[in-house]
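Participant: Quick note on our numbering: the sequence shown kicks off at 45 and runs consecutively. Where a beta carbon is used, it is the ideal one built from N, C-alpha and C, also for glycine. Since this is a predicted model, take the numbers as computed values, not measurements. My questions will all concern the structure given below.
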Amino acid sequence: MTLKYASKQKIFAYILLSLIYACGNVAIAYITKIMLNLAQYKQGNISDLIKVAVVGTAIIIAILFSNIAYKLLKNNIVKEINLYLKSKEMAYLISKNSNLQKDGLNIMTNDLKQIETLKINNELLIINEALAFLLSIVTGLINSWQLTLIFMVTTLLPGLVQKLFTKEIQAKSRKWEKENGNYTQSVSDGLNGAVTANLYNAQKNILQRVLVDAKNMENALKSLNNAQDIANQLIIALADIFSFILPFLVGAIFMFNGQIGAGTLIMIVQLSNNFINPIVNIFGQLNQIKSTKPILEKLEQGLQYVELEEKNKKEQPLHFNNLCVKNLSFSIKNRKIFDDLSIQVKSGEKVLLTAPSGWGKSTLLKILLGKLDPDKGKVLIDNHNITSDWETAHNYFSYIAQSPFIFDDTLEFNVTLGLPYSQEEIKNALAQAGLTDLVNEKGLDYRVGEKGQNLSGGQIQRIEITRALLSQRPIMLADEATSALDRNLSKAIHNIIINDNKLTVIEVAHNLSKEDQEKFDSVLKLDKI
């Protein structure tokens, strides 16, 4: 139940307000009974009828204000649960560190929206419906227990239909979930690949690809909605027959025999809306909640994810004396990438690793970071085994990628990533990375645009270097960091990362100029080791 993610005080207040909300129909039924009995048995006079109407109106107005508070609180609870689920799922997706966008986008948009619409709202509504049902039953039993029992028993019959449709609805829900994921990925591919599509005049083909997945998704959704609607209509039809017509017939016979008055009959009939409708609604809401089971199964890992302590806290820089790659082997689908590789790097050393394109240089860096498991061999830091241990290993490394990711945010956020560095630390790192002129011209609050579209390639690369320098990690990994830059800019970038005597640098490249190579303490040709 998602309501466990909301504050207990709010849920308690919601239950109290739901009870008051349920009193509305009961109040009207009671007022109707009193007024009809006064009129039928000529008890009192017209002024008494007016007094009852005035009191009833005042009660309804008071309930109105309570109902407004109920609605506002309900919306607040939905918001609170939504934010909790989104924070958990996003934290999990970030920690998972996957390069695939399909699952992540689908979870954070469609899946969580379905959970809000079909689960959170329905769980709240079931509380309201159940209270309305119970309050009406108690009121009815007090006034005519025989007639109330007849209405109550017959309202249970429509529930049998709900059970017949449960498995079919769940199967159709899984089908819709799968097609919805495919559609989300197609839209993402279409947007991200728009430049390529326009270049080769393939816009229609890309559009058609999206539309095919859209059609499949809509067909699956239609099938799911059809099953739910058919089940609901059958429940409503049975409810009308067994929960209204037959009990009303019995009530009319009671009245004909003088066992109850018109006011009591009308009151029970009016209350019967809260015998029938809440039960019908609850069955429908349970169907919708069950349809979210496949989504919840997919969200389970994120919901159970426990955030690391001191998250977003600046880490103290680690220190090391020696990094050792020992007898490392790695293969993909029985294809050997490299075998029995051994390397040693000392603190402060600048090492260039070269190999032809496709040799597996980037793969080697991912193994150092603990993101990939080698077939055999170890990665040791000061004789401590960090092989495949991302949580420990990655804290030793900063990383300069060939194509750094840039957030659609300010220059300051892109260099700090929201971490609490001092202005002095930021200023020094920007100066060391050669971004002082940009900051002086544009300011730290300069919006860099989506994917850094307001920056040059060199500025983007320098932002990546600034991030690395701010982190004060002892080892900087550079993955083809300057292969897309011109020679002068490549030289400038290498001067930045090589001139820091305290920093250990491991760069992988396949085509670095001889001038840049001479800056390193050692150059290891990986394909020759």
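Is serine 373 closer than 9 angstroms to aspartate 419 when the C-beta atoms are compared?
Facilitator: On the sequence shown, residue 419 is found 375 positions in, with the first residue counted as 1. On the sequence shown, residue 373 is found 329 positions in, with the first residue counted as 1. Contact flag set, yes.
Participant: Looking at tyrosine 136 and glycine 592, is the spacing between their C-beta atoms short of 9 angstroms?
Facilitator: Look at the range of the chain in this structure, 45 to 573, and you will see that residue 592 is not part of it.
Participant: Start and end of the beta strand (DSSP E) containing threonine 398?
Facilitator: To locate residue 398, count along the sequence shown from 1; it is residue 354. Looking at the DSSP string, the run of the beta strand (DSSP E) that includes threonine 398 is 394-398.
Participant: Can you name the residues that DSSP bridges to valine 552?
Facilitator: On the sequence shown, residue 552 is found 508 positions in, with the first residue counted as 1. Looking at the DSSP assignment, valine 552 forms a beta bridge with Leu397 and Asp523.
Participant: Express the C-alpha separation of asparagine 249 and asparagine 242 in angstroms, rounding to a whole number.
Facilitator: Residue numbering aside, residue 242 sits at position 198 when the sequence shown is read from its first letter. Residue numbering aside, residue 249 sits at position 205 when the sequence shown is read from its first letter. If I take the Cα positions, the gap works out to 11 angstroms.
Participant: Please identify the residue among Pro518, Lys563 and Leu556 whose C-alpha is closest to the C-alpha of isoleucine 540.
Facilitator: By 1-based counting over the sequence shown, the position of residue 540 is 496. Checked all of Pro518, Lys563 and Leu556; the closest Cα to isoleucine 540 is Lys563.
Participant: Check for me: the alpha helix (DSSP H) holding valine 483 runs from which residue to which?
Facilitator: The sequence position of residue 483 within the sequence shown is 439, counting from 1. For valine 483, the enclosing alpha helix (DSSP H) starts and ends at 480-486.
Participant: What are the residues that DSSP puts in a beta bridge with cysteine 368?
Facilitator: Sequence index remark: in the sequence shown, residue 368 carries index 324 (1-based). BP columns for cysteine 368 point to Gln388 and Leu424.
Participant: Compute the distance between the beta-carbons of asparagine 331 and phenylalanine 209, then report whether it is under 9 angstroms.
Facilitator: Taking the sequence shown and counting its residues from 1, the one referred to as residue 331 is at position 287. Taking the sequence shown and counting its residues from 1, the one referred to as residue 209 is at position 165. Yes, the pair counts as a contact, with Cβ atoms nearer than the cut-off.
Participant: From the beta carbon of valine 459, is the nearest beta carbon of chain B less than 9 angstroms away?
Facilitator: Absent here is chain B; the protein component of the structure consists of one chain.
Participant: Measuring straight from C-alpha to C-alpha, what distance separates alanine 271 and glutamate 212?
Facilitator: The count along the sequence shown starts at 1 and reaches residue 271 at position 227. The count along the sequence shown starts at 1 and reaches residue 212 at position 168. Near 8 angstroms, if we compare the C-alpha coordinates of glutamate 212 and alanine 271.
Participant: Considering just the uninterrupted stretch of the beta strand (DSSP E) at leucine 568, what are its terminal residues?
Facilitator: The sequence position of residue 568 within the sequence shown is 524, counting from 1. It spans 566-569 - the beta strand (DSSP E) in which leucine 568 sits, taken as one unbroken run.
Participant: Report the three-state DSSP secondary structure of lysine 357 (helix, strand or coil).
Facilitator: Residue mapping note: residue 357 aligns to position 313 of the sequence shown, counting from 1. Here the model assigns lysine 357 a pLDDT of 46, short of 50, so the residue's position is not dependable, and the following value carries that caveat. It is coil, neither helix nor strand.
Participant: Closest by CA to serine 515, which one among Gln214, Ser432 and Thr460?
Facilitator: Residue numbering aside, residue 515 sits at position 471 when the sequence shown is read from its first letter. The option with the nearest alpha carbon to serine 515 is Thr460.
Participant: Got a sec? Which residues, its chain only, sit under 7 angstroms from threonine 336 by beta carbon, not counting five neighbours each side?
Facilitator: Numbered from 1 along the sequence shown, position 292 holds the residue referred to as residue 336. Hits under 7 angstroms: Gln158, Ile159, Leu162 and Lys163.
Participant: Do the CB positions of lysine 54 and isoleucine 151 come within less than 9 angstroms of each other?
Facilitator: One-based indexing of the sequence shown puts residue 54 at position 10. One-based indexing of the sequence shown puts residue 151 at position 107. In this structure, isoleucine 151 does not lie closer than 9 angstroms to lysine 54 by Cβ.
Participant: Starting from the N-terminal side, write out each stretch of the alpha helix (DSSP H) that is 4 residues or longer and does not extend beyond the segment 169-249.
Facilitator: 189-198, 203-236 and 238-243
Participant: Taking the alpha-carbon positions, what's the asparagine 89 to leucine 82 distance?
Facilitator: Stepping through the sequence shown from its first residue, residue 89 is reached at position 45. Stepping through the sequence shown from its first residue, residue 82 is reached at position 38. For asparagine 89 and leucine 82, the distance between alpha carbons rounds to 8 angstroms.
Participant: Where DSSP assigns a beta bridge to serine 375, which residues make up the other side?
Facilitator: Numbered from 1 along the sequence shown, position 331 holds the residue referred to as residue 375. The beta-bridge partner set that DSSP reports for serine 375 consists of Lys380.
Participant: Could you check if isoleucine 285 is buried or exposed, using at least 16 other CB atoms within 10 Å of its CB as the buried criterion?
Facilitator: Along the sequence shown, one-based indexing puts residue 285 at 241. Burial call: exposed.
Participant: Just to confirm the assignment, what range does the alpha helix (DSSP H) spanning isoleucine 297 have?
Facilitator: Looking up residue 297 in the sequence shown gives position 253. Note, isoleucine 297: alpha helix (DSSP H), 290-300.
Participant: May I have the straight-line CA-CA distance separating glutamate 167 from lysine 132, to the nearest angstrom?
Facilitator: Residue numbering aside, residue 167 sits at position 123 when the sequence shown is read from its first letter. Residue numbering aside, residue 132 sits at position 88 when the sequence shown is read from its first letter. Approximately 20 angstroms, taken between the alpha carbons.
Participant: Among residues of its own chain, excluding the 5 on either side of asparagine 126, which ones have a beta-carbon nearer than 8 angstroms to its beta-carbon?
Facilitator: As a position in the sequence shown, residue 126 is number 82, starting the count at 1. Closer than 8 angstroms at Cβ, skipping near neighbours: Leu156, Glu160 and Ile164.
Participant: When the Cα atoms are used, what is the spatial distance from glycine 414 to valine 423?
Facilitator: Against the sequence shown, residue 414 aligns to sequence position 370. Against the sequence shown, residue 423 aligns to sequence position 379. Computed Cα separation, rounded: 9 angstroms.
Participant: Specify, as a first and last residue, the run of the alpha helix (DSSP H) that isoleucine 339 falls within.
Facilitator: By 1-based counting over the sequence shown, the position of residue 339 is 295. That run of the alpha helix (DSSP H) goes 337-347.
Participant: Among residues of its own chain, excluding the 5 on either side of cysteine 368, which ones have a beta-carbon nearer than 7 angstroms to its beta-carbon?
Facilitator: As a first step, residue 368 is located in the sequence shown; it is residue number 324 there, counting from the start. Answer for cysteine 368: Gln388 and Leu424, listed in chain order.
Participant: At the level of alpha carbons, what is the spacing between glutamine 214 and phenylalanine 327?
Facilitator: In the sequence shown, residue 214 corresponds to position 170, counting from 1. In the sequence shown, residue 327 corresponds to position 283, counting from 1. Each residue's alpha carbon lies about 15 angstroms from the other.
Participant: Which class does threonine 454 belong to by DSSP, given the choice of helix, strand or coil?
Facilitator: By 1-based counting over the sequence shown, the position of residue 454 is 410. Reduced to three states, the DSSP call for threonine 454 is strand.
Participant: Assuming proline 518 and tyrosine 465 form a contact by the criterion Cβ under 8 angstroms, report the distance between their Cβ atoms to the nearest whole angstrom.
Facilitator: To locate residue 518, count along the sequence shown from 1; it is residue 474. To locate residue 465, count along the sequence shown from 1; it is residue 421. Not really, about 17 angstroms apart at Cβ, beyond 8 angstroms.
Participant: Restricting to Cα atoms, I'd like to know which of Ala176, Leu412 and Ile504 is closest to alanine 525.
Facilitator: The residue given as residue 525 occupies position 481 in the sequence shown. The candidate whose alpha carbon is nearest that of alanine 525 is Ile504.
Participant: Label lysine 259 either buried or exposed according to how many other C-beta atoms from any shown protein chain fall within 10 Å of its C-beta, with 16 as the threshold for buried.
Facilitator: Locating residue 259 in the sequence shown gives position 215, where the first residue counts as 1. With fewer than 16 other Cβ atoms within 10 Å, it is exposed.
Participant: From Gln252, Asn224 and Glu223, pick the residue whose C-alpha is nearest to that of glycine 234; which is it?
Facilitator: Position 190 of the sequence shown, counted from the start, is the residue given in the question as residue 234. Residue Gln252 is the option with its Cα nearest to glycine 234.
Participant: Hey, quick one: how far does the beta strand (DSSP E) through isoleucine 540 stretch, first residue to last?
Facilitator: Position 496 of the sequence shown, counting from 1, holds the residue named residue 540. It is not in any beta strand (DSSP E) - isoleucine 540 instead sits in the alpha helix (DSSP H) that spans 531-542.
Participant: So for asparagine 498, helix, strand or coil by DSSP?
Facilitator: The residue labelled residue 498 in the question sits at position 454 within the sequence shown. It is coil, neither helix nor strand.
Participant: For the structure I just gave you, are there three or more beta carbon pairs, one from the segment 398-411 and one from the segment 476-493, closer than 8 angstroms?
Facilitator: Taking a cut-off of 8 angstroms on C-beta distances, the segment 398-411 does not touch the segment 476-493, as fewer than three cross pairs fall below it.
Participant: Helix, strand or coil, according to DSSP, for tyrosine 465 in the structure here?
Facilitator: Numbered from its first residue, the sequence shown carries residue 465 at position 421. Three-state result, tyrosine 465: coil.
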